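Protein chains in written order, with this note's numbering: chain A, 779 to 1239; chain B, 138 to 1149; chain C, 44 to 229.
We put the CB at the ideal spot given by N, CA and C, even for glycine.
Treat the numbers as computed from the prediction; the structure is a model and nothing was measured.
A short worksheet on the structure shown next.
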Amino acid sequence: MANTESVLRLSLLGQPKSPTQVTEDIAGLLEKPIGIGWWVAFIPAVALLILGITTVSYQISTGIGTWGLNKTIGWAFDITNFVFWVGIGHAGTLISAILFLFRQRWRTSVARAAEAMTIFAVMCAGIFPIIHMGRPWRFFWMIPYPNERGSLWVNFRSPLMWDFFAISTYFLISLLFWYVGLIPDLATLRDRAKPGLRKKVLTFFSLGWDGSHRTWHRYEMVYMLLAGLATPLVLSVHTIVSLDFAAGIVPGWHTTLFPPYFVAGAILSGMAMVLCLMLVLRKVLHLEDYLTLRHFDPMTKVIIAVSCMVGLAYGTEFFTALYSSSQYEQFIFMDRATGTLAWGYWIMVACNVVIPQLFWFPQVRSNLGAIFAICVLINVGMWFERFIIIVSSLQHDFLPSSWSSYTPTSVELATFAGSFGLFFTCFLLFIRFLPVISIGELKTVLTYGRSSGQEGSTHAE
Amino acid sequence: MNIKHNHQDDASTMNSVPSLVGPSDAPTMAGDGADSRWVIARRSFLQATGFTLAGTSLATLGLLSGCAPAPVRRALPGIAGVPEQTPGIAQWYATVCGGCPAGCGALAKVRDGRPIKLEGLPGHPLSRGGLCAIGQAHLLELYDGHRLQDPQLAQKTVTWATLDSRITSELAGLRTGSGAVRILASGLTSPTLRATITRFLAGFTDGKLVEYDPVSVSAIRAAHQTTHGAPLLPTYRFERAQVVASFDADFLGTWLSPVAFTAGWKQRRRLEAASPQSSQIVQIESRMSLTGSKADSRIVVHPNEIPVVLGRLTHFVSRLAGALPTGLPSVSHALDAQWRELAGLLWKHRGESLVVCGNNDLASQLAVNALNQMLANYGASVDIAQPCLAYNGSDAALLTLTQELERGDIAALILVDANPVYELPAIAPWKSLLAQVPLTISFAPYADETASLCRVVAPDHHPLEGWGDAEVQVGLIAIRQPAINPLYRTRSVLSSLQAWMGTPADDQATIRQYWTAHVQPYAAPLQNADTFWHSALATGFVKASATAPTPGSFFWPSMAGLGSKVSTELTLVCVPSNAVGSGKHALNPWLQELPDPLTKVTWDNVLTLSPAAAAAQGIQDGDVVRIDGAGDPITLPALIQRGQHDEVVTVSLGYGRAGTERFSAVGPRWIERREWQDGAVGRNVATAIAAIDGRLQYSRNGIRITRTGAKHPLAKTQQQDQLETPRPWLPAGSAMRNHVQSTTLAQLPAFAEHLHGEHHPEGDMWPPDHANAEPQWGMVIDLSACTGCSGCVMACQAENNIPVVGKDEVMRGREMHWLRIDRYYSGEGEATQVAHQPMLCAQCGNAPCETVCPVLATVHSEDGLNQQVYNRCVGTRYCANNCPYKVRRFNWFDYPHQDPIENLVLNPDVTIRTRGVMEKCTFCVQRIAEARIRAKVEGRPLADGDIQPACQQSCPAQAITFGNLADPQSAVSRAREAQRGYQVLAELNIKPSITYQAIVRHPIGEAGGQHG
Amino acid sequence: MLSKHSLNTQPMLLISFDTEDALLAGVGKLRGAGHPVIDVFTPYPVHGLSEALALPPSRLPIATFLFGLTGAVSIWALQHWASAVDWPINVGGKPWDSLPAFFPAIFELMVLFAGYGSVLTLFILCGLWFGRQPKRVYAGATSDRFVAVVPAAATLIGETDVRSLLRDCSPVAVTEASDSRTGGRR
């Protein structure tokens, strides 16, 4: 984070808070009855989820034929959505782990919600590889377990198998990271809770936490180790996702550029999604004091950086293709830019590379409305990036005789909508029942009760 | 391959496998008529099917016999076992293809009492082991539940007994009276049947046999009547022709006997010889035909120009020959360089050249005869010593019959394999005419357009169900034995006629009688009758020494009829469909979903017109157009076709059949399924066929086409028609793809050098973990020989139980054919060239599909096959994405079999794939396994040629070679090393096991190239 | 060092502060005066406290490393054995032992084992487990109070002396707690 002078002078919080206030503000959110606004969001989310469940049941009982795929294009919406959601899932752990290691104190307010987002996004992502199978009821054959067939193991050389390991590890580690961070807060809530079911549940999950410094001492070490493990994990997961394509021989897929390209893309979409959610939370839960420009500004700067990386990747793959003297590669890229899917290609370039450049202007960075709009557009653009990479490459590959085209069916659209339903349902339940900001962690960056008013930094220094 | 045949069995000659009929059946035989016969049929059929199929059979027979419980109670599996029948072991019966009058030799593969595959009969003098798509698909019609299952009297189901008594009494009246009896037959090739018909008609004071062909060639016979004094249809021997001038004769596609012609044509193209040789085919035509797509040179003329250009050719040839036929039009030399050149070429190769003409115009055919006479082709490439005996249709006789009908002179009309109401609707008001004939009898197996207008329908067997014989050429007579007992209560024409003559006899007896009297004396006079009979059954045909009476001297006809000036106006040309012929097989879903070799359209017939004509009218693919001026207006979708004359529109015959409406139900049902079919599949354009000057004419001048504004999307299996990618501004040279290599005979050596100059990646970073065990299966496909006829596609479909998915699925790009034929165009207009490229799984050595499958559902076998393990597949489709040839097919749905009886056609050696799994070609691994086991049982190593995949077996051009690549002596290894060989996408280092051999053309006017 | 303070029977002094600064000063004074401070209960990790309490650095990274190693080695072994030994299958002409293709799984499993292993170790060392009740709730220790625990027996002096010792650190409360629930397994 170069050149954050101005921002550093800003306080992390809107106005100074004491630990008591912090506890009151954030734990308090969960103790008073939820507002109408929550229901207004929750009911449509559940409706979408039900739509998704219905559609997927129909698809599984009828056949993949209910999707718009054909003999040439074996993947389209399914894997596009998969990569889209995995990408979104990335900023969560990224913000938590990498920024933690980099001692970015502004992470304290956003980490918790971002990690939750990761977990739910990965859940959405995980669904698609399963339902995209012709026989999803056999998905467990991906697991290398001893069986009566020989034992017939699995093909560890298949990128899909790597995916299986990467995605499940990523989900489990993110979940662990999130939960470990939650434990002290659960204890806080437990100690405030009136006797009853809620207290029982909180007691169960807070593991008898009592704030002993001897525990904190080791806890911080473990938390840092987890951050250290999660950071390369974040990079590895999208690298492996990108290998689904890079390891194939399809023109437009078969390129070594993909791992960094996909990681940058993932961070871009993830950051954008985090920003969207944070801006909404800030409004809905009245967290203006806790989520300030001090938090949004660095994130928009991260977006500028990764957006430029993504733009560089677009340019590089285009150049590589033209320079490759492989007529198939050359054609695919010309076709992307000018062919039947050119509209999608240019949406992708505009949303991911051009529009984010607006963040160079401080006025834009300080205009929350603008930030929200741009971030939504970035997510649109990132979805199209995956769609273009997958479909435009498959539809016009080696033998012209097999060239084809793709249009999604209503079933695919409904399934995609359903995944948003799942995501927002989970997220809304999360903000209803768990502290959206890490209470304990936030207290480490308060000015209150510290000599010479210097802010403490995130723990584990 | 051991060819089984039936021993005569006096007790029950009805049965395909007489020994199937246990003695217990003998008494029931004595019982009255049809019922008891049905009992035998049913029980022996069950015995034949044995345990494995008992379930299916019971269900099926329940359906068939109408009264389910009875047969089930009486059904017993053949516990005792049946001699010469081992459950699970297929038997092969030599027979004659019943698909069309060409009468190719066929082998019927019978498994557990069911014919499950038809293949070419190796060593057959005409078809030489090939069989076309229609011939193979013909099998499916056997199991068609929509066939008539009982005789019909006035649209009511009756027993044969009732029917017989009724008809005999009515015929008795006619015999005494003077009522005229006519038998209208089409595609009559059986000498026994012909003899029987003659005897039958002899019983009447005025009985005549009238024959016609839906696509008439009677002008050829008429021309020979003039020039040779006999209505001959010569046997054309393309293997003896170095130069062929073909005028609108699609001899590789649909004309007369395409399989035999293809074999002959291929025989003349010896491109692997030390000094490569090739015949030269000059195709003069108005549309792009299959033959045109393979022609060495192609000249586009308007149909009306054919007589004129024939006149010019005749002129030049005659000047070289020094004989000048009378009445030749004057010719302006300046304009006609190409005809002079062609004439010179033909003359240079006189005695081994050939001129054929496909139209039905007498003047043209006379000119053709004159040309072949001057070029000394008679007795060489034009064989009139052993002329063709099929296609006996006489337009004149047919038209006379219609007049008689109009006059109401006919008392009884009997239709044998004739469906004039559909095939020639415009030449007579059939509905009213048939209505006024007192007795109308049809032998049609379906209640088709004509049969439904007849009072009596006596459904005939499917050719595989009954005895029969065929004589399609003088001196070549073939025999057909039943491969299965009749599924329904049908009866052969032969026995029906016998019964109505009051001399009921079973077919085997009738036929054997005829053969003893008329065949053996010419074939093996000295042989013991039984030996002769059984050897005939075993081989399926015999050669007789008989020859046609040698005609007298050649009579030079006048060429006046040819005319000199041409009126070219917009003309409609009706041609037989490459898929369903002239409509006889339109009820066959396999053929309906077979992509047309050129248009690649399925489930429709289209109006094709040249790009220029389309542009002029603003017509695009799928626009519905109306054709006026050719009989009733016809509306059907248009398709732009390269290489077609700008003033010609072409439509395939054979569509719009009554009964095809039911195909709208084919394919999976789901929320976004779209219904495309309104009524029948395609439109019938036979209404445009008119009798002009006493001849059936298939092209109509002065028509108008107009856009109706409606759209009718077409189910094409190929969207991109050319190898040149549509981005000319790509970096130099990168817009043209090299999947198809082609050259000319003269440039072949240089080309081959260049081809092998192309370096392919060598060397591996990987340890040699996979020692190439013996054998390594591989294939070579000669693109020069492949005519795109699609016989292989059908062979694959029948062999591998490939489902029919219906128009909507095909439109979504989900057709299931494992083997497809890619068709690419290059050039425009007259210069249009076509390449056909069969594309199937290349069983890559470094298969990209295998690497990406997470669950090891597709892996490599030790003998070099890329295996697909259906029951392990979870359906990620990653393999299909990663397949550079896109030859993998996915089961998007459970594809329902529309007709439960149809399931009897399934090959038990090949798994039925369930929904959600990937499938693909495996080089017919079931055949490989079978051959390996047989060799093991016989204690010998596999020999080269022991294994023939279905596609190779039936290829009329023998374009496919299969065998062991690890054996340098095997045919396939030698072909792979041959100079024309290359591998598609070899640069990917995926090591495909399929090698393609480049196309070699031998255009006229090309310097060099050895001429035979 | 835990065993040294098996304090279950000893009376305790609970000294609670309301700011981080006061706590650090207080703990310094107590230890300076020779009063062992057994433990401090805080709402968040207070920096400098470990040093003040002279806690040795944690050895958890060793556990993490060993767990990670286990994960990596075991999945490598499985992949090698399954693909090259137990049932070698020719997949796309690739070698039996396609080591490069095995790395993704090796890395993922290493992370998975290391992560869960470390957290498990943490739980065991700190006696944290699902459903466990805190040994004692120190008022506000999970919200805004910093509670230092000193063994009353070891002080030999009373509450009043501690108050005077910590006067300028202004502890908000000093209470005696002699029940056995004070210490707890740590």
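Contacts between Cys990/B and chain A, judged by CB atoms closer than 7 Å, involve Asn933, Ser936 in chain order.
Of all residues in the segment 979-1006 of chain B, only Gly982, Asn983, Ala984, Pro985, Glu987, Thr988, Leu993, Val996, His997 place a beta-carbon less than 7 Å from a beta-carbon of chain C.
At least one CB atom of chain C sits nearer than 8 Å to the CB of Pro904/B. By the neighbour-count criterion, in which 16 or more other beta carbons inside 10 Å mark a residue as buried, Lys972/A falls on the exposed side. Looking at the DSSP output, Arg957/B sits in a beta bridge with Met976/B. Runs of the alpha helix (DSSP H) lying entirely within the segment 1122-1178 of chain A and spanning at least 4 residues, in chain order: 1140-1143, 1146-1165. Interface criterion not met: the Cβ of Val941/B is under 8 Å from no Cβ in chain A. Of all alpha-carbon atoms in Ala994/B, Gly1100/B, Pro1105/B, the one lying nearest the alpha-carbon of Trp914/B is that of Gly1100/B. A contact between stretches requires three or more CB pairs, one per stretch, nearer than 8 Å, and the segment 1211-1219 of chain A meets this requirement with the segment 880-896 of chain A. Shown here, Asn1018/B sits in a helix according to DSSP, grouped into three states. Counting other Cβ atoms within 10 Å of its Cβ, Pro794/A stays below 16 and is therefore classed as exposed. Here Phe375/B is buried. Its C-beta has 16 or more other C-beta atoms within 10 Å. The beta-carbon of Ser1014/A is placed less than 8 Å from the nearest beta-carbon of chain C. Under the three-state reduction of DSSP, Pro641/B is assigned to coil, being neither helix nor strand.
For Phe1097/A, the number of other beta carbons within 10 angstroms of its own is below 16, and it is reported as exposed.
Put simply, the backbone Cα of His1064/A is about 11 Å away from that of Thr1070/A. Contact residues of the segment 990-1006 of chain A toward chain C are Ser990, His991, Arg992, Thr993, Trp994, His995, Arg996, Tyr997, Glu998, Met999, Val1000, Leu1003, Leu1004 (C-beta to C-beta distance below 8 Å). Gly982/B counts as buried, since at least 16 other C-beta atoms from the protein chains shown sit within 10 angstroms of its C-beta. Its chain contains Gly545 as the residues whose beta carbon lies nearer than 7 Å to that of Gln573/B, once the 5 sequence neighbours on both sides are disregarded; these appear in chain order. At least one CB of chain C lies nearer than 8 Å to the CB of His907/B. For Leu938/A, the CB contacts under 8 Å within the same chain, skipping 5 residues up- and downstream, are Pro907, Met920, Asp1022 in chain order. For the segment 965-982 of chain A, the beta-carbon criterion of a distance under 8 Å to any beta-carbon of chain C is satisfied by Ala965, Thr966, Arg968, Asp969, Arg970, Thr981, Phe982. For Glu219/C, the beta-bridge partners assigned by DSSP are Leu56/C. Within the DSSP bridge table, the entry for Glu348/B names Ala322/B as partners. At a cut-off of 8 Å, the C-beta of Val128/C has no neighbouring C-beta in chain B.
Excluding the 5 residues flanking it on each side, Arg957/B has same chain C-beta neighbours closer than 6 Å at Met976, in chain order. Look at the beta carbons and you see the segment 260-275 of chain B touching the segment 222-241 of chain B: at least three pairs across the two are nearer than 8 Å. Distance from the Cα of Ala504/B is smallest, within the candidate group Glu812/B, Leu1041/B, Ser695/B, Ile1084/B, for Ser695/B.
Taking 8 Å as the upper bound on Cβ-Cβ separation, chain C lies near no residue of the segment 1127-1161 of chain A.
Membership of Ser789/B in the beta strand (DSSP E) is indicated by the continuous run 785-789.
Excluding five sequence positions before and after His599/B, the CB atoms of its chain that fall closer than 7 Å to its own CB belong to Glu278, Leu279, Pro582, given in chain order. With respect to the 8 Å criterion, Glu1056/B and Asn1028/B are classified as neighbours on the basis of their beta carbons. Ranked by how close their Cα comes to the Cα of Val419/B, the residues Phe692/B, Thr1098/B, Gln475/B have Gln475/B in first place.
Minimum Cα-Cα distance from Gly1012/B among the listed residues Arg916/A, Thr850/A, Gly1122/A corresponds to Arg916/A. The DSSP assignment places 1097-1101, 1131-1134 as complete runs of the beta strand (DSSP E) inside the segment 1091-1134 of chain B, in order along the chain (cut-off: 3 residues). In terms of CA proximity to Leu561/B, Tyr835/B leads the group Tyr835/B, Gly846/B, Ile648/B.
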